[in-house]
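Residue numbers (our numbering): 2 to 184.
Cβ atoms here follow ideal geometry from the backbone N, Cα and C, with glycine treated the same way.
First the structure, in the form of structure tokens, and then the observations on it.
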């Protein structure tokens, strides 16, 4: 009977030991606190949405072992992204300044300063700024390839074809499924 107990306990311990190794391996997050100043990006990169609107990375997936990234967007025009789907990330937006219209699936919401919206992965969504100036803090969880997407798009100087945009979105875990919103 002792041998059977030993074997049972050993077999039960193996997954626990393996899980402990996985948990330890997944704790490669930044070990020191840091501050990112207003108007600055985590690594000093100058990302601008549509070449104009600051889209500063505040917390990188490199800081969180890929679990989270945080951006600070300032808009100076009534624009927003094309209708798109994230296959692997949920998004959370908090309106810091201005008003925004969000479309998520078949629902439309107008958000004002201080409101937050959760956009689950796999649901088509977009937004448009309704005021002359606006500001959003938004989170992507997990971080995925969004930092790389914004970094690449910040270097684009000319309008890309629909096929090229589709390829870039696909390479970063997204798909464009419709045009941007208009007023």
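| Counting pairs of beta carbons, one from the stretch 105-114 and one from the stretch 53-62, are three or more of them closer than 8 Å? | Fewer than three beta-carbon pairs drawn from the stretch 105-114 and the stretch 53-62 are found closer than 8 Å, and the two stretches are therefore not classed as touching.
| query | Quick one: what's got a C-beta closer than 6 Å to residue 150's C-beta in the same chain, skipping five residues either side? | reply | By 1-based counting over the chain shown, the position of residue 150 is 149. Excluding sequence positions up to five before and after residue 150, its CB lies within less than 6 Å of the CB of 173, all in the same chain and listed in chain order.
| request: For residue 65, I'd like the list of residues in its chain whose CB is within less than 8 Å of its CB, leaving aside the five on either flank, ordered along the chain. | output: If you number the chain shown from 1, residue 65 lands on position 64. These residues qualify, in order along the chain: 30, 31 and 144.
| task | Taking only the alpha-carbon atoms, compute the straight-line gap between residue 74 and residue 82 and give it to the nearest angstrom. | result | The residue given as residue 74 occupies position 73 in the chain shown. The residue given as residue 82 occupies position 81 in the chain shown. Residue 74 and residue 82: Cα-Cα distance of roughly 12 Å.
| Span of the alpha helix (DSSP H) around residue 151 | Position 150 of the chain shown, counted from the first residue, corresponds to residue 151. It spans 147-154 - the alpha helix (DSSP H) in which residue 151 sits, taken as one unbroken run.
| Can you name the start and end residues of the beta strand (DSSP E) that residue 170 belongs to? | As a position in the chain shown, residue 170 is number 169, starting the count at 1. From DSSP, residue 170 is part of no beta strand (DSSP E) but of the alpha helix (DSSP H) over 163-172.
| Is the beta carbon of residue 102 less than 8 Å from the beta carbon of residue 182? | Walking along the chain shown from the start, residue 102 turns up at place 101. Walking along the chain shown from the start, residue 182 turns up at place 181. The beta carbons of residue 102 and residue 182 sit closer together than 8 Å.
| task | Can you have a look at residue 26 and say buried or exposed, based on whether 16 or more other CB atoms are within 10 angstroms of its CB? | result | Within the chain shown, residue 26 is the residue found at index 25, counting from 1. Confidence at residue 26 is low in this model, with a pLDDT of 47, below 50, so its placement is unreliable and no value can be given for it.
| query | Leaving out the 5 sequence neighbours to the left and right, which residues in its chain are closer than 8 Å to residue 171 when beta-carbon positions are compared? | reply | Numbered from 1 along the chain shown, position 170 holds the residue referred to as residue 171. Cβ neighbours of residue 171 within its own chain (closer than 8 Å, five residues either side excluded): none.
| said: I need the straight-line Cα distance from residue 50 to residue 42, nearest angstrom please. | reply: Working through the chain shown from its first residue, we reach residue 50 at position 49. Working through the chain shown from its first residue, we reach residue 42 at position 41. One C-alpha to the other measures close to 13 Å.
| Burial state of residue 38 (16 or more Cβ within 10 Å) | What you label residue 38 is simply residue 37 of the chain shown in a count that begins at 1. So residue 38 ends up on the exposed side.
| request: Please determine, among 179, 80, 35 and 33, the residue with the shortest C-alpha to C-alpha distance to residue 54. | output: The residue you call residue 54 lines up with position 53 of the chain shown. Cα-wise, what sits closest to residue 54 is 80.
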